[in-house]
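Heads up: the sequence lines are chains D and F, in that order.
Position one of the first sequence corresponds to residue 1 (the working numbering), numbered consecutively onward.
Position one of the second sequence corresponds to residue 1 (the working numbering), numbered consecutively onward.
For each residue, glycine too, the CB sits at the ideal point set by N, CA and C.
Report on the following structure.
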Amino acid sequence: MKYFDYAATTPPHPDVVRTMAEIMETQFGNPSSIHGYGERAHQLLRRARSGCAAAIGVKPEEIVFTSGATESNNLAIKGTALRYQSRGRHIITTATEHASVYESFMQLQQWGWDVTLIPVDSAGVVNAQQVIDAIRPDTVLVSLMHVNNETGAIHPIAEIGKQLKKKAPRVLFHVDGVQGFGKMEATPAAWGADLYSLSAHKIRGPKGAGLLYVRSGVELTPLLSGGSQEQGLRAGTENVALLVGMAKAMRMAAEDQVDFARRTTVLRDRLMATIRVIPEFELNSRTEGAPHIVHFSYPGMKAEVALHTLEQLGVTISTQSACSSRSAEPSRALLAMGRDAACAAGGLRISLGDEHTEEDVALLEQALHQMVAQLRPLERRM
Amino acid sequence: MDMKYDMLLLRFGEFMLKGKNRARFEKTIITQVKALLKPYPGASLRKEYGRVYVDLGGESHTELIKVLKRVFGVMSISPVKVTPSELDEIVKTAVAFMDEREDEFKEGTTFKVNVRRVWKEFPHSSHEMNHLVGSPILRNFQQLSVDVRQPDIELRVEIRDQGTYIFNETIPAVGGFPLGTNGKAMVLLSGGIDSPVAAWSSMRRGLEVECVHFYSYPFTSQRAKEKVIDLARALADHAGTIKLHLVPFTEIQTAFTQLGQDNLIITLMRRSMLRIASKLAERERALALITGDSLGQVASQTLPSMNVIGRATDLPLLRPLVMMDKQEIITLSKQIGTYDISILPYEDCCTLFVPKSPSTNPNLRIVDKIESTMSHLPEWVDQAVELTETITLHAGETSVVTNQTDDNGMKDDWF
Chain D
1 MKYFDYAATT PPHPDVVRTM AEIMETQFGN PSSIHGYGER AHQLLRRARS GCAAAIGVKP
61 EEIVFTSGAT ESNNLAIKGT ALRYQSRGRH IITTATEHAS VYESFMQLQQ WGWDVTLIPV
121 DSAGVVNAQQ VIDAIRPDTV LVSLMHVNNE TGAIHPIAEI GKQLKKKAPR VLFHVDGVQG
181 FGKMEATPAA WGADLYSLSA HKIRGPKGAG LLYVRSGVEL TPLLSGGSQE QGLRAGTENV
241 ALLVGMAKAM RMAAEDQVDF ARRTTVLRDR LMATIRVIPE FELNSRTEGA PHIVHFSYPG
301 MKAEVALHTL EQLGVTISTQ SACSSRSAEP SRALLAMGRD AACAAGGLRI SLGDEHTEED
361 VALLEQALHQ MVAQLRPLER RM
Chain F
1 MDMKYDMLLL RFGEFMLKGK NRARFEKTII TQVKALLKPY PGASLRKEYG RVYVDLGGES
61 HTELIKVLKR VFGVMSISPV KVTPSELDEI VKTAVAFMDE REDEFKEGTT FKVNVRRVWK
121 EFPHSSHEMN HLVGSPILRN FQQLSVDVRQ PDIELRVEIR DQGTYIFNET IPAVGGFPLG
181 TNGKAMVLLS GGIDSPVAAW SSMRRGLEVE CVHFYSYPFT SQRAKEKVID LARALADHAG
241 TIKLHLVPFT EIQTAFTQLG QDNLIITLMR RSMLRIASKL AERERALALI TGDSLGQVAS
301 QTLPSMNVIG RATDLPLLRP LVMMDKQEII TLSKQIGTYD ISILPYEDCC TLFVPKSPST
361 NPNLRIVDKI ESTMSHLPEW VDQAVELTET ITLHAGETSV VTNQTDDNGM KDDWF
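Now the structure itself:
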């Protein structure tokens with residue numbers, strides 16, 4: 001079985017697994033304890049923090065460790081809203097965000113906040129000017145993903161950050177960086193981002209570890225009450241082994257980023273060419289998008305049937321994004337891009353990782369052709 | 001800013017007037033620049049007639065300006081764009097430069113072009129060039145007018161054989177004397193707000209500084225020591241490298257608590273610290289001691305206390321902050337990046353065993369007498385010097401030195 005769902009999650013790197021196992025076995029101290037066990041755990045945590053900070057070019061004290069990007073996004077959005085509600089009660093995002101951002105916005109809307117959803121074009125990309133034009137005197141936060149998890153569309157983050165700084169310097173700017181880090185240049189400070197979320201398990205680190213970059217000077221209201229860990233922003237004993245594992249994974253991903261993009265772009269373009277010549281398919285990703293995601297639709301065919309057929313043929317790909325693929329609803333992102341319901345419900349995603357080779361992709365292409373051949377007689381009868 | 005700069009121009013300060021020291025001072029600055037550039041492998045350095053140029057080599061100019069502003073002896077920094085020495089290219093870049101700052105223009109903003117023709121083969125004179133560059137700028141930016149005497153913006157153009165340098169921003173830097181050109185001194189680094197500022201002020205006046213810290217394990221924690229290492233590292237971000245001497249002080253400090261002279265503990269401790277620091281200074285060939293004392297701030301910093309404490313050393317005792325207000329010191333410590341570390345709550349040995357009413361007016365005769373009854377004191381002082389461990393910290397380092405004293409089973413390859 002060949003796995004092509006790296007945007008959902010990645011197999012943890014063997015070096016990361018070994019590191020985490022060794023730490024769990026030998027360094028179990030609580031970093032808040034002041035005895036030797038705690039001291040060593042504290043040192044490990046500090047080094048992990050420095051490592052993560054270096055990988056995205058920020059200061060160690062600007063890193064808040066979390067359990068993953070869902071928590072980071074919740075803390076960034078609700079933490080900002082609660083802290084700065086005296087400035088106003090208006091927040092801005094796009095229609096194609098990850099559920100952890102979108103649902104945080106919806107929750108705030110239920111609590112009486114005004115939410116503006118900026119539309120995207122047919123490629124899934126937001127227009128920078130439209131974001132800026134949506135700013136009002138009572139706007140508190142703009143939240144945007146760097147790379148869309150379904151289609152790989154890249155938002156003009158740097159441009160929006162620059163414009164925000166110029167036109168509305170008090171409005172905070174949050175970037176969900178989960179699908180971009182390790183695939184493209186990730187420099188939240190240079191973009192002018194105030195908050196930036198990452199997850200370890202998308203870059204061959206462990207599940208259950210993530211971080212939020214909080215620019216110096218930005219204050220958040222914590223969502224978890226308790227001890228004073230993570231500068232009081234995130235109570236709870238830190239999971240040292242996982243966080244060191246994340247630091248290692250981030251270092252490796254940052255070091256490999258340029259090479260990763262070069263390698264996967266070749267494979268992605270090849271896959272895109274194949275998908276274009278299969279008349280049953282509609283390609284939704286663009287070559288301007290991220291180097292590791294190819295999204296396409298098989299209108300008239302249930303996506304899960306396509307997925308299971310491909311699995312029988314020895315390859316694993318994804319329907320929608322993993323976080324919403326168990327729901328039968330058409331994709332919110334694809335509908336926002338102007339696709340019809342049939343297309344949006346038949347969305348399939350291939351996502352590449354650092355280990356994939358030309359041979360792997362050849363196998364996948366063969367499987368795609370074979371699937372269509374098998375399912376063609378059943379089209380539109382499903 | 002979007003402008004893609006090619007290099008930074010660093011200008012030197014007051015010391016350049018001193019003719020014969022010039023070469024030595026320049027060399028010192030270059031050494032410090034090189035040390036601060038270590039974490040930025042793309043950047044490289046070039047020296048030319050009393051200036052230093054740093055080729056960015058793809059590194060961020062804002063980041064490097066932030067770092068190089070700290071080089072002692074550098075007065076100002078300008079980001080520079082290099083174009084071929086051809087009229088069209090020069091004009092195009094000059095206009096792009098102004099475009100970059102268009103946001104700041106108001107009706108009536110003035111500018112001037114200042115062209116220097118270093119390469120005399122260039123077909124247009126400086127005077128002609130002022131017009132050839134100035135006119136298209138005026139055409140492009142209607143709000144601007146020319147003022148050759150006191151312009152708001154001065155666009156500088158230096159035409160050279162190998163390329164033309166264009167710049168207009170002059171960003172003030174730290175100034176002062178190049179590091180170490182006025183000798184070397186030992187600073188007593190506690191963990192508080194003042195002593196790092198004293199160290200930095202001394203470095204700015206051309207002193208190379210080594211730090212001495214006293215710890216009293218188990219009365220002070222490992223975290224307190226780590227905090228001082230962090231402070232020294234923050235100073236290394238200015239100096240390039242910093243040596244930190246960690247002195248075990250438990251024995252002397254506990255001995256003083258047994259004397260039944262609680263109001264003199266601080267006086268006695270400070271005197272012993274000066275003796276140890278003096279011996280370290282002698283070993284490291286430093287010619288002065290520096291403290292963060294500020295007159296009247298605490299009991300040990302009254303004039304009578306300074307008098308009694310200061311007599312414990314023969315070395316000049318420098319107190320750069322002596323006449324400064326606390327608020328000024330805090331402002332400086334924030335600027336140099338030590339404040340956030342200094343306010344971490346770990347107890348250091350100067351806050352330990354502090355008596356309820358420390359003497360603000362100690363009696364030298366009594367202090368001398370107490371010390372003379374402690375026959376082991378000179379021995380303990382020597383022992384403390386001997387057991388001192390020294391670590392060297394470098395600019396741009398963020399990772400922590402792990403516990404030096406025991407093998408703790410931690411592995412570098414975990415990271």
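{"query": "I'd like to check one pair, C211 (chain F) with I242 (chain F): are the Cβ atoms closer than 8 Å?", "result": "yes"}
{"query": "May I ask you to report which of helix, strand or coil DSSP gives H369 (chain D)?", "result": "helix"}
{"query": "Do V118 (chain F) and R160 (chain F) have their beta-carbon atoms positioned less than 8 Å apart in this structure?", "result": "yes"}
{"query": "For A209 (chain D) and Q85 (chain D), what's the separation of their Cα atoms in angstroms?", "result": "29 Å"}
{"query": "Between which two residues does the beta strand (DSSP E) containing H61 (chain F) stretch?", "result": "Note, H61 (chain F): premise wrong, no beta strand (DSSP E); alpha helix (DSSP H) at 61-68."}
{"query": "Mapping DSSP to helix, strand and coil, what is V148 (chain F)?", "result": "coil"}
{"query": "Can you tell me whether Y6 (chain D) is buried or exposed, with buried defined as 16 or more other CB within 10 angstroms of its CB?", "result": "buried"}
{"query": "I want to know whether the segment 281-292 of chain F touches the segment 368-376 of chain F - three or more CB-CB distances under 8 Å.", "result": "no"}
{"query": "Applying the criterion that 16 or more other CB atoms from any shown protein chain within 10 Å of the CB defines a buried residue, is F65 (chain D) buried or exposed?", "result": "buried"}
{"query": "Use the C-beta contact count for G72 (chain D): other C-beta atoms within 10 angstroms, 16 or more gives buried, fewer gives exposed.", "result": "Per the sequence presented here, residue 72 (chain D) reads as Ser, with Gly not at that position. Buried, since its Cβ has 16 or more Cβ neighbours within 10 Å."}
{"query": "Can you name the start and end residues of the beta strand (DSSP E) that G217 (chain D) belongs to?", "result": "Element bounds for G217 (chain D): n/a, residue is neither H nor E."}
{"query": "Enumerated in chain order, which unbroken segments of the alpha helix (DSSP H) with a length of 4 residues or greater are wholly contained in the segment 234-290 of chain F?", "result": "250-257, 265-284"}
{"query": "Is any beta-carbon of chain F found at less than 8 Å from that of E39 (chain D)?", "result": "yes"}
{"query": "Using DSSP bridges, identify the partner residues of F181 (chain D).", "result": "D:M184"}
{"query": "Is DSSP giving Y346 (chain F) helix, strand or coil here?", "result": "coil"}
{"query": "Identify the residues that DSSP records as bridge partners of K47 (chain F): which are they?", "result": "F:V52"}
{"query": "Should the segment 238-257 of chain D be regarded as contacting the segment 332-350 of chain D, the criterion being three or more beta carbon pairs within less than 8 Å?", "result": "no"}
{"query": "Would you mind giving the Cβ-Cβ distance between A81 (chain D) and L108 (chain D), rounded to the nearest angstrom? I have them listed as a contact below 8 Å.", "result": "5 Å"}
{"query": "Could you name the residues of chain D that G409 (chain F) contacts, counting a contact when the two beta carbons are closer than 7 Å?", "result": "T26"}
{"query": "Under the criterion of a Cβ to heavy atom distance below 7 Å, does T316 (chain D) qualify as lining the ligand ZN?", "result": "Absence of the ligand ZN is noted for the structure shown, with no ligands found whatsoever."}
{"query": "Beta-carbon separation of Y53 (chain F) and M7 (chain F) under 8 Å?", "result": "yes"}
{"query": "Pairs of beta-carbons, one from the segment 264-276 of chain F and one from the segment 288-308 of chain F, closer than 8 Å: are there three or more?", "result": "yes"}
{"query": "Out of F:I336, F:D293, F:M273, which one is the CA nearest neighbour of D237 (chain F)?", "result": "F:I336"}
{"query": "Does any residue of chain D have a CB that is nearer than 8 Å to the CB of L8 (chain F)?", "result": "no"}
{"query": "On a Cα-Cα basis, can you pick out the residue from F:S202, F:E208, F:K326, F:D412 that is closest to G183 (chain F)?", "result": "F:E208"}
{"query": "Using DSSP with H/G/I as helix, E/B as strand and the rest coil, what is N239 (chain D)?", "result": "coil"}
{"query": "Straight-line CA distance for P60 (chain D) to K248 (chain D)?", "result": "15 Å"}
{"query": "Measure from the alpha carbon of Y196 (chain D) to the alpha carbon of each residue in D:G227, D:R46, D:G68, D:T9, then state which is nearest.", "result": "D:G68"}
{"query": "Let's see if you can read the secondary structure: which residues bound the alpha helix (DSSP H) around R47 (chain D)?", "result": "36-55"}
{"query": "Chain F beta carbons: is any one of them nearer than 8 Å to that of T19 (chain D)?", "result": "yes"}
{"query": "Are the C-beta of V258 (chain D) and some C-beta of chain B separated by less than 8 Å?", "result": "Considering every chain present, this structure includes no chain B. Its protein chains are D and F."}
{"query": "Less than 8 Å between CB atoms is the rule here; does S60 (chain F) satisfy it with respect to chain D?", "result": "yes"}
{"query": "Hey, out of D:F105, D:H155, D:A99, whose CA is closest to V128 (chain D)'s CA?", "result": "The residue asked about is misnamed: residue 128 (chain D) is Ala in this sequence, not Val. Closest option to A128 (chain D), Cα to Cα, is D:H155."}
{"query": "Would R223 (chain F) pass as an interface residue toward chain D - the criterion being a Cβ-Cβ separation below 8 Å?", "result": "yes"}
{"query": "According to DSSP, simplified to helix, strand and coil, what is T316 (chain D)?", "result": "strand"}
{"query": "Identify every residue that forms a DSSP beta bridge with L117 (chain D).", "result": "D:T93"}
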